[in-house]
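Protein chains: 2
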Amino acid sequence: MGKARYRIGVDLGGTKLAAGVVDPEGNILGEAVTYDHRGLGEEAVLALMERNVDAALAQAGAGRADAKGVGVLFPGHIRWPEGVTLTTSNLPGFKGFPLRERMEARLGIPCLADNDANAQTLGEYRYGAGRGLDPLVFLTVSTGIGGGIVIDGKLYRGFTGTAGEFGHMIVDASGDGRCTCGNSGCLMGVASGLALPETARRLAGRLEREGACPDLPGGCSDFSALDGALLAAGCADENELCRAVVDEFARYLGIGMYNVFQVLNPRAIVLGGGLLNLPDYFFDAAASTCRGLAGPMMYDRLEIKRGALGGRAAILGAAALFEA
Amino acid sequence: MGKARYRIGVDLGGTKLAAGVVDPEGNILGEAVTYDHRGLGEEAVLALMERNVDAALAQAGAGRADAKGVGVLFPGHIRWPEGVTLTTSNLPGFKGFPLRERMEARLGIPCLADNDANAQTLGEYRYGAGRGLDPLVFLTVSTGIGGGIVIDGKLYRGFTGTAGEFGHMIVDASGDGRCTCGNSGCLMGVASGLALPETARRLAGRLEREGACPDLPGGCSDFSALDGALLAAGCADENELCRAVVDEFARYLGIGMYNVFQVLNPRAIVLGGGLLNLPDYFFDAAASTCRGLAGPMMYDRLEIKRGALGGRAAILGAAALFEA
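These protein sequence lines are chains A and B, in that order.
Counting in the numbering used here, the first sequence tops out at residue 310, every number present.
Counting in the numbering used here, the second sequence tops out at residue 310, every number present.
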């Protein structure tokens, strides 16, 4: 084995900027995290990324010469393999910016850049719940819904790099949910953080008509303030509205997974993202919906699992852009 | 080039049994078709297939020694690559039958067997509207809805061989359409030959409430008698009910293609199947719905085309199971 045995994963988020040094087995040997890049120009962000990379290497007792590659996870669309940013609503600037090339020039280390869902997919495939499960689908449910696909050990990107946009599948054309994309009935418009306020408002109306308690959970003043943490707390307190929201989200998520199963027939679907921090019965109900739609014979051929990497998903996914 | 330069495609349908000899360029040099196998046992069907293969070879001025492989298109599920039949509602018998092995033993020519949608997908990819367009999705709309996926020049089959079941994607969870699979809102339950009677009945009710003409087209006595041919004739006669049915089918088909685009980001979607014999505006409206949902930028990256092989799709697809 040569000297350059580590890969570095950089998680360029909307508020957090982390760099981690990853060994061939997927252990994070050193990590540096900062929270002060938002609102800075692209050059200043690059400088911070460089500083965090060096700090993480120092923690690992290593230097730039030990790094075979730096993978950068970008929170938005980015052209692959060029690594030129297209759009992001999560970070000011960074439109048409040659992120990959500029980082590579600064560090003198080969660099690749990809979007967060693709990188997390690779991370779960190489080090997490999807290890060795091929074809693999990763579906992440938080504010929005995204995902990625692994076929024959590689990310499947499609013709122009946008494959795996599971959040935009239309699952309920006659339903009420509207997505930020402008369409109705997208998975993201009916089961995501973005769909939370409108879903709660609609279900509160239904609970009231049915004579059940439509109240928001304690600590929540109005529908637009409801988020994943309050929803989880409300479920723990047996708040009826929160449970109704989670039931509906789980049903739609189960339908979404069923559609993915019919199109791709993957070996496993791994679920990740912030909303999966909801109680176990959210995950169980979603998996059970998918199982019920598919029937017992078909379900035997599909594993549905929670992501296993948690907070390490971004760093490991970014690092996994380079082969170990 | 060796002597065995031809491939033979066998289309084992519910009523038609055809065999064709195909040259490396995709020309059909000889073809034999019979219609008398339905209701016979598996052995008798094998004997007829053998007879048609020999008759097609004779027409092409060739013999068994000229054939490098025989591809059989089976109208139902079949285990790949073993070629053991699983289920079909289109042909009596043929459950758990080793079709591939038995044909190979009879003919003394290498044999492969696959389901009709997969074979047609390969046919359009190698010889038809999808030539050279990779990744390719083929979507067939007739009594049911099926399809196939080509990635990197090969059929993508998924973990257990059921990938590309686009008809079972749920696109309208809150809608009225029921599918034969038992679920609601499947693409096949809202836009296929199977969905025709119920859709017409429901839309006739709506037209009546709106004061429009809810009559069935001339020659059609009740909803259950409505089929693709009557629907096409009705559209040509400007029958309002037929037009309403086609508009609704086109909208759902457009949604289905949009979902496939979001998941797979293919280079092209090729549409085939009997219902595509409907007037041009059916195809145009479906493509236009997909385009509208995706927005102009995304649509530029996707071609939507009609299949180009027509009646030759089955023979060419079956033959294409072997490389030219």
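Ideal Cβ positions, reconstructed from N, Cα and C, are used throughout, including at glycine.
Please read these numbers as outputs of a predicted model, since none were measured by experiment.
Asked, Found
"Can you check whether the CB of residue 186 of chain A is closer than 9 Å to the CB of residue 127 of chain A?", "no"
"Listing by chain order, which chain B residues have their CB less than 9 Å from the CB of residue 194 of chain A?", "Here the premise fails: no neighbours, minimum Cβ distance about 21 Å."
"Can you list the beta strand (DSSP E) stretches of 3 or more residues lying completely in the stretch 190 to 262 of chain B, in chain order?", "254 to 258"
"Would you mind working out which of A:30, A:10, A:25 and A:45 sits nearest residue 18 of chain A, comparing C-alpha positions?", "A:45"
"Report the CB separation of residue 6 of chain A from residue 48 of chain A in whole angstroms; it is logged as a contact under 8 Å.", "Wrong, their Cβ atoms sit about 12 Å apart, outside the cutoff."
"Between the stretch 229 to 243 of chain A and the stretch 143 to 162 of chain A, can you find at least three pairs of beta-carbon atoms closer than 8 Å?", "yes"
"For residue 169 of chain B, is the beta carbon positioned less than 8 Å from some heavy atom of the ligand ZN?", "In the structure shown, the ligand ZN is absent, as is every other ligand, since no ligand is present at all."
"Taking Cβ positions only, does residue 241 of chain A come closer than 9 Å to chain B?", "yes"
"Using a Cβ-Cβ distance under 9 Å, would residue 121 of chain B count as near chain A?", "yes"
"Can you pull the chain A neighbours of residue 158 of chain B, defined as C-beta to C-beta under 9 Å?", "156, 157, 158, 159, 160, 161 and 171"
"When the Cα atoms are used, what is the spatial distance from residue 50 of chain A to residue 246 of chain B?", "43 Å"
"Assuming residue 107 of chain A and residue 147 of chain A form a contact by the criterion Cβ under 8 Å, report the distance between their Cβ atoms to the nearest whole angstrom.", "Their Cβ separation, rounded to whole angstroms, is 13 Å, which puts residue 107 of chain A and residue 147 of chain A out of contact at 8 Å."
"When you compare only the Cα positions, how much space is there between residue 181 of chain A and residue 175 of chain A?", "5 Å"
"Listed in chain order, which residues of the stretch 243 to 256 of chain B have Cβ atoms closer than 9 Å to some Cβ of chain A?", "244, 245, 246, 247, 248, 249, 250, 251, 252, 253 and 254"
"Between the stretch 258 to 280 of chain B and chain A, which residues of the former have a C-beta closer than 8 Å to a C-beta of the latter?", "279"
"Tell me whether the beta-carbon of residue 290 of chain A lies closer than 9 Å to the beta-carbon of residue 261 of chain A.", "no"
"Considering only C-alpha positions, which residue in the set B:295, B:281, B:138 and B:63 is nearest to residue 167 of chain A?", "B:281"
"Taking DSSP as the reference, what is the three-state secondary structure of residue 13 of chain A?", "coil"
"Please state whether DSSP places residue 157 of chain A in a helix, a strand or coil.", "coil"
"Below 9 Å on C-beta distance, what does residue 150 of chain A contact in chain B?", "248, 249, 250 and 251"
"Just mark residue 303 of chain B as buried or exposed, buried being the case when its beta carbon has 16 or more other beta carbons within 10 Å.", "buried"
"Going along the chain, which residues of its own chain have a beta-carbon closer than 6 Å to the beta-carbon of residue 142 of chain A, five neighbours each way excluded?", "135 and 149"
"For residue 121 of chain B and residue 91 of chain A, I'd like the C-alpha separation in whole angstroms.", "34 Å"
"Quick one: list the residues of chain B neighbouring residue 188 of chain A, beta-carbon separation under 8 Å, in chain order.", "Chain B residues near residue 188 of chain A: none, gap ~12 Å exceeds 8 Å."
"Please decide whether residue -6 of chain A counts as near chain B, where near means a Cβ-Cβ distance under 9 Å.", "no"
"I'd like to know whether the C-beta atoms of residue 53 of chain B and residue 300 of chain B end up nearer to each other than 9 Å.", "no"
"Verify the CB distance criterion: does residue 111 of chain A have a CB-CB separation below 9 Å to chain B?", "no"
"My assumption, with CB atoms under 8 Å, is that residue 9 of chain A sits in contact with residue 3 of chain A. Please give the rounded CB distance.", "That pair is no contact at about 22 Å."
"Tell me which residue opens and which closes the beta strand (DSSP E) that residue 22 of chain A is part of.", "No beta strand (DSSP E) holds residue 22 of chain A; DSSP gives it neither H nor E."
"Cα-Cα, which of A:266, A:287, A:243 and A:295 is closest to residue 275 of chain A?", "A:243"
"Under three-state DSSP, which class holds residue 121 of chain B?", "coil"
"Within the continuous beta strand (DSSP E) that includes residue 116 of chain B, where are the two ends?", "Taken as a continuous stretch (DSSP letters only), residue 116 of chain B belongs to no beta strand (DSSP E), as it is neither H nor E."
"So does the stretch 63 to 82 of chain A actually touch the stretch 107 to 118 of chain A, counting three or more Cβ pairs closer than 8 Å?", "no"
"Going along chain A, which residues have a C-beta under 7 Å from residue 145 of chain B?", "121, 251, 252, 253 and 287"
"From residue 207 of chain A to residue 297 of chain A, what does the alpha carbon distance come to, in whole angstroms?", "30 Å"
"At 4 residues or longer, what runs of the alpha helix (DSSP H) sit wholly inside the stretch 59 to 98 of chain A?", "85 to 93"
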